[in-house]
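Number of protein chains: 2
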Amino acid sequence: MADIHFNKEKGSQLKLFTPGPVHVPERVLKEMAKPNDTHRSKPYSEMHQMATEGLQKLLYTKNECLLFTSSATGIMEACVRNLVKDDEKALFFSIGAFGDRWYEIGVSNGKNSVKETVEWGKAITSEIAQDTLNKDKYSVVLIQANETSTGVYNPINKIAPIVKDSGALLCVDATSSMAGVKLEVDKLDIDICLASVQKCFALPPGLAVCSVSDAAIAKAEQVKNRGLYFDLIDLHKRHIAKHQTPTTPPIPQIRGLTAQLDYILNEEGLEKRFERHEQLAKLTRTWASNNNLEMLPEKGYESNTVSTIKNSLDLDIPKMVSMLLDKGYRIVNGYGQLVNKTFRIGHMGEIQLNDLEEMLEGLTEIISMLK
Amino acid sequence: MADIHFNKEKGSQLKLFTPGPVHVPERVLKEMAKPNDTHRSKPYSEMHQMATEGLQKLLYTKNECLLFTSSATGIMEACVRNLVKDDEKALFFSIGAFGDRWYEIGVSNGKNSVKETVEWGKAITSEIAQDTLNKDKYSVVLIQANETSTGVYNPINKIAPIVKDSGALLCVDATSSMAGVKLEVDKLDIDICLASVQKCFALPPGLAVCSVSDAAIAKAEQVKNRGLYFDLIDLHKRHIAKHQTPTTPPIPQIRGLTAQLDYILNEEGLEKRFERHEQLAKLTRTWASNNNLEMLPEKGYESNTVSTIKNSLDLDIPKMVSMLLDKGYRIVNGYGQLVNKTFRIGHMGEIQLNDLEEMLEGLTEIISMLK
Chain A
1 MADIHFNKEK GSQLKLFTPG PVHVPERVLK EMAKPNDTHR SKPYSEMHQM
51 ATEGLQKLLY TKNECLLFTS SATGIMEACV RNLVKDDEKA LFFSIGAFGD
101 RWYEIGVSNG KNSVKETVEW GKAITSEIAQ DTLNKDKYSV VLIQANETST
151 GVYNPINKIA PIVKDSGALL CVDATSSMAG VKLEVDKLDI DICLASVQKC
201 FALPPGLAVC SVSDAAIAKA EQVKNRGLYF DLIDLHKRHI AKHQTPTTPP
251 IPQIRGLTAQ LDYILNEEGL EKRFERHEQL AKLTRTWASN NNLEMLPEKG
301 YESNTVSTIK NSLDLDIPKM VSMLLDKGYR IVNGYGQLVN KTFRIGHMGE
351 IQLNDLEEML EGLTEIISML K
Chain B
1001 MADIHFNKEK GSQLKLFTPG PVHVPERVLK EMAKPNDTHR SKPYSEMHQM
1051 ATEGLQKLLY TKNECLLFTS SATGIMEACV RNLVKDDEKA LFFSIGAFGD
1101 RWYEIGVSNG KNSVKETVEW GKAITSEIAQ DTLNKDKYSV VLIQANETST
1151 GVYNPINKIA PIVKDSGALL CVDATSSMAG VKLEVDKLDI DICLASVQKC
1201 FALPPGLAVC SVSDAAIAKA EQVKNRGLYF DLIDLHKRHI AKHQTPTTPP
1251 IPQIRGLTAQ LDYILNEEGL EKRFERHEQL AKLTRTWASN NNLEMLPEKG
1301 YESNTVSTIK NSLDLDIPKM VSMLLDKGYR IVNGYGQLVN KTFRIGHMGE
1351 IQLNDLEEML EGLTEIISML K
């Protein structure tokens, strides 16, 4: 039990180009190491308020934002348990592993769940959305903005109005794009927009966040057997009344979130941050193309935060990952059915263009050795 | 959004004598601030294994120990969802606010839930347990070891055999006593023994842990609609296969847990740690008695980790708490129905006898001014 250190040879030199958990800046780690008061204290409430008001700005919304002691999957379960009545149907648009997971959450919670899928690498287009919603009546529609497994970004701006026109509530999983890609919650009338913080927020994992509309809260009041831990009514009530949570929250991560939102909103600026993520993605795609590697996503739907690249050169992906690790960088293999058929480069959070360039140089060298 | 610091005047001087979140030592905060690899990496798996093997030693069990991205309430919900079938009854022994919460979790998850209570301040005795179990058949019995609201410690060593003789599965919430009070899971055949880490482990909140018996896993396989986030089968499977979790875990807290378990098991030693908590409790009770303050718990059932003290002198509790805060110490008011009728002193985690003596000196001064 003596040695509990990660990366003992490399220490802090390992730089994560992963689709989460991502590289966390030193200033955030230091901020999170400060001692805290309890979750029922005034200092906590002040911090909670700052974090959730910052989230409202980030998401362009007047909806309340809530904090969850869970991963994003926890809020995905909260959506299902709070918004779908026993005599209703929920529609899950799935374009990859996390869409499939959301559908599984629907099924495993005993909800009447329907899944509409496309081939991995494709997006849900507005046509697919419209066709599906013409065919049947759904009370809730659940969809990923950015699908972390395939690196595809769904055209949420086009899909949202179609879903809302159908009368359904709309839940958007923005786990791997929130704080990296612009998503205007009020303009699109998204009922629940959720994420965890170990992706574009550049924080360690352990906290998930969402915005929640009045319509979602009103709906939850009509749904039975919501459970207690993910009960939106209770979370919302405590948040409104006291800027607190019903159960004990992950205070270090909330402190980190407050610091990061301050940095994102007041130092880097939202537009610049979104632009930087766009540039990182473009650089990665250009690099891939220059190295004769195809992108998995269909053109026009590539993610700005994670690039899923086809193994067009038939490389030994585990070996490539391992060799890059020796240089102090981590990228990751494909997810699920895409293992060894693709690899993924995460470029989100506080990764800068020169960081990415450095890593890609190293990766180019390795590929020339492997191919 | 600029000022995100807690206790800006006192900085790190505030010392928490709270029933959680508690004071976290500087060495733990520093350990948690180290950069991490991802939750699918070998270094993570090694750390996960160290943490869970340490928990097995702490709990005197060969049962597997699991890590949850949730507060303890999350595992309380997991017990209900995984172990109680639709045609079965669950029995919740409640001696305070957290027992009541567990019963509410049963009800809000649509389970056939029965609550057996006593007056706050009293314990579930073996007689009560036996009488209740003679009256009806329950498939699962759920009970607090240490009830954080009343400061009562149930005689789990006597109750466990009675419950197990009835054929029921036994879930014990040891949130505010695990790592402070000895509880031998295998000897008592406890099926799920759970806690969060912001109590006697002296870690920041954001992680919950439990041991889980083979019988509990076998039972879960028969229960429908377990959901996905708290599915014990999936958590257990990933833990066994890879020392990982199905969803992203709170890596900093797990790193902290690994460090604390190393400290608890190999530096302080389990027996010494349990003894220290006993001494802290005795010191607090003697202090209360010397100040003409009665304990809430009935004699013989007082907690070793949190002292709930009656407001026998009719003190202005919020004022007392606030005056003590000015001295750099936080204690807390009573919980729920006990607000202003009691106050609570937490003495758990890394609080030492001289820390407690110092705080109690200050509190004595304040009481002499207030009474």
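Protein chains in written order, with this note's numbering: chain A, 1 to 371; chain B, 1001 to 1371.
Heads up, the beta-carbon is just placed ideally off N, CA and C, and yes, glycines get one too.
Note that the coordinates shown come from a computational prediction; the quantities given were computed from them, not determined experimentally.
Check	Outcome
So who's on the other strand from residue 1320 (chain B), going by DSSP bridges?	According to DSSP, residue 1320 (chain B) bridges with nothing at all.
Flag this pair as yes or no: are the beta carbons of residue 283 (chain A) and residue 310 (chain A) separated by less than 9 angstroms?	no
Within 8 angstroms, do at least three Cβ pairs link the segment 1220-1234 of chain B to the segment 1156-1174 of chain B?	no
Specify the secondary structure class of residue 3 (chain A) as computed by DSSP and reduced to three states.	Unreliable placement is indicated for residue 3 (chain A), whose pLDDT of 36 sits below 50; the coordinate value is still reported in the next sentence. Correct three-state label for residue 3 (chain A): coil.
Specify the secondary structure class of residue 374 (chain A) as computed by DSSP and reduced to three states.	Missing from the structure shown is residue 374 (chain A); chain A here goes from 1 to 371 and no further.
Mind pulling the alpha helix (DSSP H) runs of 4 or more residues that sit fully within the segment 150-227 of chain A?	156-165, 185-188, 214-220
Where do the N-terminal and C-terminal ends of the beta strand (DSSP E) with residue 1310 (chain B) fall, by residue?	1306-1310
So, at 7 angstroms on beta carbons, what are the nonlocal neighbours of residue 1206 (chain B) in its own chain, with the 5 sequence-adjacent residues on each side left out?	1250, 1253
Please report the distance separating the alpha-carbon of residue 1136 (chain B) from that of residue 1096 (chain B).	23 angstroms
On the DSSP letters alone, give me the boundaries of the beta strand (DSSP E) that residue 264 (chain A) sits inside.	Run containing residue 264 (chain A): none; DSSP gives neither H nor E here.
By the three-class DSSP mapping on this structure, what secondary structure does residue 344 (chain A) have?	strand
Around the C-beta of residue 180 (chain A), are 16 or more other C-beta atoms found within 10 angstroms, so that it is buried, or is it exposed?	buried
Cutting at 7 angstroms between CB atoms, please list the residues of its own chain near residue 11 (chain A), excluding the five before and the five after it.	Model confidence at residue 11 (chain A) stands at a pLDDT of 49, short of 50, so the residue's coordinates are unreliable and nothing is read from them.
Following the continuous beta strand (DSSP E) through residue 94 (chain A), name the residue where it begins and the one where it ends.	89-94
Distance check for residue 1134 (chain B) and residue 45 (chain A), CA to CA, integer angstroms please.	47 angstroms
Which term fits residue 1259 (chain B), buried or exposed, when burial requires 16 or more other beta carbons within 10 angstroms of its beta carbon?	buried
On the three-pair Cβ rule with 8 angstroms, is the segment 1062-1074 of chain B touching the segment 1234-1249 of chain B?	yes
Using Cβ-Cβ distances below 8 angstroms, what residues of the segment 98-124 of chain A are close to chain B?	101, 104, 105, 108, 109, 110
Using CA coordinates, which residue listed in A:315, A:281, A:296 is at the minimum distance from residue 349 (chain A)?	A:281
Along chain A, in chain order, which residues have C-beta atoms closer than 8 angstroms to that of residue 1291 (chain B)?	What residue 1291 (chain B) touches in chain A: nothing, since even the nearest Cβ is about 24 angstroms away.
To be precise: take each residue of the segment 53-77 of chain A, compare its Cβ to all Cβ atoms of chain B, and keep it if any distance is under 7 angstroms. Which residues remain?	54, 69, 70, 71, 73, 74, 77
In the structure shown, what three-state DSSP assignment does residue 1271 (chain B) receive?	helix
In the DSSP output, which residue or residues are listed as bridge partners for residue 330 (chain A)?	A:16
Can you tell me where the beta strand (DSSP E) with residue 1143 (chain B) in it begins and where it stops?	1140-1144
Can you tell me where the beta strand (DSSP E) with residue 68 (chain A) in it begins and where it stops?	64-68
Return the CA-CA distance between residue 373 (chain A) and residue 356 (chain A), expressed in angstroms with no decimal places.	Since the first and last residues shown for chain A are 1 and 371, residue 373 (chain A) lies out of range.
For residue 1008 (chain B), count the other beta carbons within 10 Å of its own beta carbon; 16 or more makes it buried, fewer makes it exposed. Which is it?	Note that residue 1008 (chain B) scores a pLDDT of 45, beneath 50, so its modelled location is shaky; the value from the coordinates is reported in the next line. The residue in question, residue 1008 (chain B), is exposed, as its Cβ has fewer than 16 Cβ neighbours within 10 Å.
Between residue 339 (chain A) and residue 331 (chain A), which are expected to be in contact by the criterion C-beta below 8 angstroms, what is the C-beta distance as a whole number of angstroms?	Contact flag wrong, Cβ pair sits at about 14 angstroms.
Would you mind working out which of B:1056, B:1306, B:1204 sits nearest residue 1345 (chain B), comparing C-alpha positions?	B:1306
Can you have a look at residue 1063 (chain B) and say buried or exposed, based on whether 16 or more other CB atoms are within 10 angstroms of its CB?	buried
Just to confirm my understanding: we take residue 1313 (chain B), look at its own chain, exclude 5 residues before and 5 after, and list those with CB closer than 6 angstroms. What are they?	1371
What is the rounded straight-line gap between the Cα of residue 138 (chain A) and the Cα of residue 273 (chain A)?	36 angstroms
With distances taken from CA atoms, which of B:1190, B:1198, B:1122, B:1199 is nearest residue 1215 (chain B)?	B:1190
Measure the alpha-carbon distance for residue 109 (chain A) versus residue 20 (chain A) and round it to whole angstroms.	26 angstroms
When you compare each of B:1032, B:1029, B:1300, B:1057 to residue 1266 (chain B) by their alpha carbons, which one comes out closest?	B:1057
Please list the residues of the segment 1020-1048 of chain B that have a C-beta atom closer than 9 angstroms to any C-beta atom in chain A, keeping them in chain order.	1020, 1021, 1022, 1023, 1024, 1026, 1029, 1030, 1031, 1032, 1033, 1034, 1035, 1036, 1037, 1038, 1039, 1040, 1041, 1043, 1044, 1046, 1047
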